[in-house]
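**Q**
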Amino acid sequence: MKSKIDEILRVDHAGETGASKIYEGQIKVLGNTEVGPMLRHMRDQEQEHLDTFHELLNKHETRPTALMPLWNFAGYSLGVVTALMGKKAAMACTIAVEEVIGKHYHEQAETLTEKKHSKLKKTLLKFRDDELEHKDIATTNDGEKTPGYKLMKFVIQSGCKVAIKLSEKI
Numbered sequence: 014m015k016s017k018i019d020e021i022l023r024v025d026h027a028g029e030t031g032a033s034k035i036y037e038g039q040i041k042v043l044g045n046t047e048v049g050p051m052l053r054h055m056r057d058q059e060q061e062h063l064d065t066f067h068e069l070l071n072k073h074e075t076r077p078t079a080l081m082p083l084w085n086f087a088g089y090s091l092g093v094v095t096a097l098m099g100k101k102a103a104m105a106c107t108i109a110v111e112e113v114i115g116k117h118y119h120e121q122a123e124t125l126t127e128k129k130h131s132k133l134k135k136t137l138l139k140f141r142d143d144e145l146e147h148k149d150i151a152t153t154n155d156g157e158k159t160p161g162y163k164l165m166k167f168v169i170q171s172g173c174k175v176a177i178k179l180s181e182k183i
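In our numbering, the protein residues as written are 14 to 183.
As structure tokens, then:
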């Protein structure tokens, strides 16, 4: 089970790194607009998640993914590019990412059936709820109304799924 816990911690640490960087990129472009406070709120929650997974990596003596430099760059770039496309595109990015991550956290939590993993399971479910809150915020802010939404969502979600698979192992 240790290897499964290692995978969970490694991939979730990587994911929260990417998510934090996405919001940082969006804040760089849209931080002084009406969506700036909302983006900072979501970034702050992602940072809390990242800090938690960083602590858990250390506690469980789990190495982070070797792909961290790539996720830093990719996350920030995705944030900047979607924000440059406009508020709706930034929100579309959030919907796409948070939908995948919310499902991912839920599936991970379902695999943790042993009592000794109940705290981690509770953490995953709380973070899932935070991610789904972000998705709801982005939906309320017209993310689904961005031009090319379906294609954009498909591309971003495909990238997230590849990142998940790679970060579990590498």
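For each residue, glycine too, the CB sits at the ideal point set by N, CA and C.
#1: Relative to the C-alpha of residue 42, which candidate in 100, 63, 66, 32 has its C-alpha closest?
#2: Take residue 144 and list the residues in its own chain whose beta-carbon comes closer than 6 Å to its own, dropping the five residues that flank it on each side.
#3: Give the C-beta separation of residue 104 and residue 151 to the nearest angstrom, bearing in mind that I take them to be a contact with Cβ-Cβ under 8 Å.
#4: From residue 130 to residue 62, what does the alpha carbon distance come to, in whole angstroms?
#5: Using the C-alpha atoms, what's the distance from residue 83 back to residue 179?
#6: Can you check whether the CB of residue 58 is closer than 8 Å to the CB of residue 92?
#7: Should residue 17 be labelled buried (16 or more other beta-carbon atoms within 10 Å of its own) or exposed?
#8: Can you tell which of 76, 120, 109 has the C-alpha that lies nearest to the C-alpha of residue 10?
#9: Going by the CB atoms, is the gap between residue 95 and residue 23 shorter than 8 Å?
**A** Walking through what the data contain:
#1: 100
#2: 111, 114, 115
#3: 4 Å
#4: 17 Å
#5: 11 Å
#6: no
#7: exposed
#8: The question about residue 10 has no answer, for the chain in this structure spans 14 to 183.
#9: no
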